[in-house]
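*Asks:* Quick one: structure below, then a few questions.
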């Protein structure tokens with residue numbers, strides 16, 4: 111997609127996988143499973159089945175994560191002093207995280223609880 115696996119840091123891969131998982135759960139829950147296609151993340155990170163709207167958001171989220179200037183001391187996005195997302199996409203990611211976070215916790219994914227609070 112945008113960059114090779116070697117160019118991605120461990121933290122970038124982790125963050126992209128995390129947002130990808132959240133977007134996939136949101137997309138499946140809100141948009142159903144019809145009309146979805148594979149969305150490939152940067153090499154070595156994975157792929158998800160998303161609708162066109164969610165694939166567009168995911169491409170935006172990956173691009174913003176790769177351009178983040180705070181690599182060494184990167185906080186979670188909600189605690190960041192620099193907001194990379196525009197207003198509309200910031201509202202969208204909040205909606206996605208809230209919806210998917212609840213779904214994943216109900217499925218027993220307690221590791222996402224850590225991300226939610228920290």
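Residue numbers (the working numbering): 111 to 228.
Note that CB positions come from ideal geometry on N, CA and C, so glycine has one too.
Taking only three categories from DSSP, how would you classify residue 147?
*Replies:* To locate residue 147, count along the chain shown from 1; it is residue 37. If DSSP states are grouped into helix, strand and coil, residue 147 belongs with the strands.
*Asks:* Does residue 134 come out as helix, strand or coil in the three-state DSSP assignment?
*Replies:* Translated into positions along the chain shown, residue 134 becomes position 24. Correct three-state label for residue 134: helix.
*Asks:* For residue 157, name the three-state secondary structure that DSSP assigns.
*Replies:* Here residue 157 is taken as the residue at index 47 of the chain shown, counted from 1. Strand.
*Asks:* Under the assumption that residue 141 contacts residue 161 (Cβ atoms under 8 Å), give the Cβ distance between them as a whole number of angstroms.
*Replies:* As a working mapping, residue 141 is identified with position 31 in the chain shown. As a working mapping, residue 161 is identified with position 51 in the chain shown. Contact flag correct, Cβ pair sits at about 5 Å.
*Asks:* Return helix, strand or coil for residue 118, following the three-state DSSP convention.
*Replies:* Counting from one through the chain shown, the residue named residue 118 turns up at place 8. Three-state result, residue 118: coil.
*Asks:* Would residue 135 and residue 202 qualify as a contact pair, given that the criterion is a beta-carbon distance under 9 Å?
*Replies:* Translated into the one-based positions of the chain shown, residue 135 becomes position 25. Translated into the one-based positions of the chain shown, residue 202 becomes position 92. Not in contact: residue 135 and residue 202 (Cβ atoms no closer than 9 Å).
*Asks:* I need the boundaries of the alpha helix (DSSP H) containing residue 204, first residue and last residue.
*Replies:* In the chain shown, the residue the question calls residue 204 occupies position 94. Its alpha helix (DSSP H) spans residues 197–216.
*Asks:* For residue 121, count the other beta carbons within 10 Å of its own beta carbon; 16 or more makes it buried, fewer makes it exposed. Which is it?
*Replies:* Looking up residue 121 in the chain shown gives position 11. Burial call: exposed.
*Asks:* Put residue 183 into one of helix, strand or coil per three-state DSSP.
*Replies:* Within the chain shown, residue 183 is the residue found at index 73, counting from 1. Of the three classes helix, strand and coil, the one that applies to residue 183 here is coil, per DSSP.
*Asks:* Terminal residues of the continuous alpha helix (DSSP H) containing residue 175?
*Replies:* In the chain shown, counting from the first residue as 1, residue 175 sits at position 65. It spans 162–176 - the alpha helix (DSSP H) in which residue 175 sits, taken as one unbroken run.
*Asks:* When the Cα atoms are used, what is the spatial distance from residue 150 to residue 190?
*Replies:* Here residue 150 corresponds to residue number 40 of the chain shown, with the count starting at 1. Here residue 190 corresponds to residue number 80 of the chain shown, with the count starting at 1. Going by the C-alpha atoms only, they are around 27 Å apart.
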